[in-house]
Structures are given as C-alpha cells and as structure tokens.
Amino acid sequence: MRHSSSLRPLLAVLTVAASVAVGGCAADGDPDAATGAPSGSELSGELTVYAAASLGGAFDEIAARFAERHPGLEVRPIVYDGSTSLSTQIVAGAPADVFAAADEAAMDVVVDAGLASAPTVFATNTLVIAVPSGNPAGVTALEDLARPATTVVLCAPEVPCGAASRRLLDRQNVDVSPVSVEQNVTAVLTKVAAAEADAGLVYATDIARARGIRAVAAEGADQVVSRYPIATLADAGNPAAAAAFEDFVTGPEGRRVLADAGFGAP
201 MRHSSSLRPL
211 LAVLTVAASV
221 AVGGCAADGD
231 PDAATGAPSG
241 SELSGELTVY
251 AAASLGGAFD
261 EIAARFAERH
271 PGLEVRPIVY
281 DGSTSLSTQI
291 VAGAPADVFA
301 AADEAAMDVV
311 VDAGLASAPT
321 VFATNTLVIA
331 VPSGNPAGVT
341 ALEDLARPAT
351 TVVLCAPEVP
361 CGAASRRLLD
371 RQNVDVSPVS
381 VEQNVTAVLT
391 KVAAAEADAG
401 LVYATDIARA
411 RGIRAVAAEG
421 ADQVVSRYPI
431 ATLADAGNPA
441 AAAAFEDFVT
451 GPEGRRVLAD
461 AGFGAP
C-alpha cells in the first residue's frame, strides 16, 4: 500500500526515534551489549583462589584489579602457602576455585586426582641467595653456602622452592647442610631477615618485596627455571568466575603485573 504524503514525515520521525532508543539501550546499559560480550557485572557470588606463597604481592594486585572490574563478585582473600601444601589441601577437598602453583609437579598432583585439566603456565621464576642486609657472613657466591661457619636455611625438598634449590645445588656441586628447612619461601625470608640464618635460597621475586634482605646472584640459577601453572578446578563452586580470573591472569594486564613484580614470561 502506498503511504500518503502527509504520513511520510511522521514515519520518518518514528524510525529515527526507534533507532535512537535501540542505540541508547546499548550505550546506557551493558557497554558490551552491541557485541554480545559478557560484562563484568554479570559475575556474582564468591571466588576463592589458592596460590603459591611466592605469588603474594603480584596476585594481591591482580585480584584487586579483577575485583574492580567485577563489582558483583566477592573475591575472597587469597590463600597463600607452599604449593605442595595447597595441592594436598585441594585433593583433600578444600573449597578452592582456582589453583596457581609455583611448579608443575604440584599442579600434577591436582590434575592426576582429576580435579583440574589443561593448566596454563603463566610465569617463570629463578633462584637467588638471600642474605641479611648487612651480609655478616660475607656470602658472595653459591659455594659460600657450603662453608661450615655459614648457617643456611632452605625450603623443604618436597616444596617447589626446595626442589629448585636442590637441583641448583646439585648442578653446581655445592653440598649444603641447612640448619632448618621450611614449607615455603616466606618462612625462609623471615629467618634470614631476623638474622637467624646467614643465607637462604629464595625466588628472585621474593627479594623485591622483602625488607632487611639483599640478593646475591647464584651462578647457574638461569638453568633452573621454575614454571608457574594455573588452572580452574573441576569442582569449582564458581566456575564462571574462576575461568574469568584465569583468563585475567594470563591476559595482557595480568602479565604486566607479573612482569612488574619480577616474574619472567612463560
């Protein structure tokens, strides 16, 4: 049917108004509505992350940024500990959504239990010698840790920093008898900072956020690289948030935070 000339201006006005209304919904509502991409506000509930102790500073920053982008989601304080301890807790039923480990062996425990699949390596790290700021024992090289008068504290061999320390010492043929072994790098740093030990082996990133401690380069450390994997857990209570957090860690912004903290690229 042909429209009369008197109706044409009215139809034009209605057409423009409809277009503005549709555009306004996209602009004033979900900013990603035009593309169909999910918005941050769609995530809700709680997110629980278990992460290696050496990730402390970086993951606190990443979690804060992630929470800002998802105001409807409660990101609970991250649970930090040695990776082996965390993997044991997860296999025993700890209610975690995401696991980030300091080595692939700890992640393999969770994968082999059927609780995660296809983890992604997102960062790397290397060891340095940690000494008190005054370096009273005069430690300048890895072989100095073998001196009888030098007290050394190491991570336990079953945790990632301990396994890496053992590989490094064995490769460099340095025999060390530690005065104590600890379950994570935080405990090693605490003892060195308190001058309860002359030296310890920790990750390079730990020195950057520690006080009262300085780093001494460890020869051969570049040949003993720790690879950090992350995975969404199969029984995650909030799988959508877990997957989004994993993507954020492995994405450009997460990697920038990790790089600023001293972690190497995967």
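Heads up, our numbering is the position in the sequence shown plus 200, with the first residue counted as 1.
For glycine and all other residues, C-beta sits at the position ideal for the given N, C-alpha and C.
Just so we're clear, the structure is a prediction, and the values are computed from it rather than from any experiment.
Collapsed DSSP secondary structure at residue i in the structure displayed
i           : result
residue 344 : helix
residue 281 : strand
residue 433 : coil
residue 427 : strand
residue 410 : coil
residue 459 : helix
residue 251 : strand
residue 243 : coil
residue 376 : coil
residue 399 : strand
residue 464 : strand
residue 419 : coil
residue 221 : Because residue 221 sits at a pLDDT of 40, beneath the cut-off of 50, its placement in the model cannot be relied upon, and the point is left open.
residue 235 : Because residue 235 carries a pLDDT of 25, less than 50, the predicted location of this residue cannot be relied on, and no value is offered for it.
Nearest candidate by alpha-carbon position, reference residue i, set the options
i           : options               : result
residue 322 : 304, 367, 296 and 393 : 304
residue 330 : 466, 439, 393 and 382 : 393
residue 411 : 309, 334 and 298      : 334
residue 243 : 442, 462 and 461      : 442
residue 422 : 365, 283 and 350      : 365
residue 377 : 369, 383 and 384      : 369
residue 348 : 355, 398, 456 and 286 : 398
residue 250 : 299, 295 and 259      : 299
residue 432 : 447, 309 and 390      : 447
residue 341 : 417, 385 and 440      : 417
residue 388 : 408, 420, 352 and 375 : 352
residue 375 : 281, 345 and 403      : 345
residue 360 : 268, 402, 380 and 316 : 402
residue 408 : 460, 445, 384 and 420 : 460
residue 312 : 463, 434 and 465      : 434
residue 274 : 462, 308, 264 and 363 : 264
residue 269 : 457, 458, 445 and 466 : 445
Test item: CB-CB of residue i and residue j under 8 Å
i           : j           : result
residue 297 : residue 247 : yes
residue 343 : residue 284 : no
residue 438 : residue 245 : yes
residue 454 : residue 262 : yes
residue 356 : residue 382 : yes
residue 336 : residue 413 : no
residue 278 : residue 259 : yes
residue 253 : residue 386 : yes
residue 371 : residue 328 : no
residue 420 : residue 325 : no
Residue i burial status per 10 Å Cβ neighbour count (16 or more: buried)
i           : result
residue 373 : exposed
residue 426 : buried
residue 338 : exposed
residue 293 : exposed
residue 287 : buried
residue 405 : buried
residue 319 : buried
residue 306 : buried
residue 301 : buried
residue 429 : buried
residue 451 : exposed
residue 272 : exposed
residue 238 : For residue 238, the predicted structure reports a pLDDT of 44, less than 50, and the residue's modelled location is therefore unreliable. A value from the coordinates is still provided. Residue 238 comes out exposed.
Chain D within 8 Å of residue i, Cβ atoms only
i           : result
residue 459 : This model lacks chain D altogether; it includes just one protein chain.
Runs of beta strand (DSSP E) lying entirely within the segment 301-368, each at least 3 residues, in chain order: 320-325, 327-332 and 352-355
Any beta strand (DSSP E) of 3 or more consecutive residues that is wholly inside the segment 251-276: 273-275
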